[in-house]
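Residue numbers (the working numbering): 244 to 309.
Written below as structure tokens is the structure these notes are about.
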Amino acid sequence: KVNGEHSLIMLVYNIKRSINIMGIPDLIAKLKKWNSPYKAKVLFCLKTEYLKLTNALDYYLMKLVA
């Protein structure tokens, strides 16, 4: 819990620092242009978990009907 709170404090500190250095419009423009290498990995994980849940639900529904 403490590590999460500390990470959040540091995140806010870094965002405020970025705003002071670049300004809000430039920061927003850079964030919109930023291409995260993690997007594809997150989407893959979400799709995998969704398919697992869907398959499990279908399995239990089939057992319930039978």
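We treat Cβ as the ideally placed atom computed from N, Cα and C, and that holds for glycine.
The model shown is predicted, which means the values in this text are computed figures rather than measured ones.
| Check | Outcome |
| --- | --- |
| Does the separation of the CB atoms of Leu251 and Ile262 fall below 8 angstroms? | no |
| Less than 6 angstroms between C-beta atoms, sequence neighbours within five positions excluded: which residues of the same chain meet that for Val255? | none |
| I need the DSSP call for Lys282, collapsed to helix, strand or coil. | helix |
| Could you have a look at Lys244 and say whether DSSP puts it in helix, strand or coil? | coil |
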